[in-house]
Amino acid sequence: MMIPELLERQQYVCTYRFSQDHLELFFNSIRASGGWNNNPSVVSFQNYFRHIMVRCGIIPGDTGNVQAQDTTNCLSAIDMSSVTPAVEDDSDIAPSPFEQVTGVVLDHSYLPTSFGALTENALVYIAGFVVRRVIKNLKCDVL
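In the working numbering, the protein residues as written are -19 to 123.
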């Protein structure tokens, strides 16, 4: 679907971003989050993934057999609805081969634009914890 359209308009395609290096960097971050557990359970994987999302993305390590060759973000935690594309007035620039392709997601951001149930529950839990701590330490006389 995307490749035939891309190859019709381009003379060549840089294939580094199609390689498995980004996937290996992702799983390297998952293993690093779990103390290098080579066989995590589904629940452990979900927890490691949430941990990575709390850190706002994957930070490739210096160890392993794959090194990042560019600054491509493997997984980012940014809200793409607030990003406005830059408008350039140069007529020399070739049109993007991805303009007509509907399957392209900007920067691979799969996060919802609003708080999910997990985030809302965490906020309520933290707020309740803070209130209980403050009530224990706060001494006030009400008339």
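Every residue, glycine too, gets a C-beta built ideally from N, C-alpha and C. Everything numeric in this text was worked out from a predicted model, so none of it was measured.
- Histidine 2 and asparagine 101 have their C-alpha atoms spaced approximately 32 Å apart.
- Taking all protein chains shown into account, leucine 5 has 16 or more neighbouring C-beta atoms within 10 Å of its C-beta and is therefore buried.
- Between serine 9 and asparagine 17, the gap from beta carbon to beta carbon reaches 8 Å or more.
- Residue burial annotation: serine 13 is buried, with at least 16 other C-beta atoms found within 10 angstroms of its C-beta.
- According to the DSSP assignment, leucine -13 belongs to the alpha helix (DSSP H) that extends over -18 to -11.
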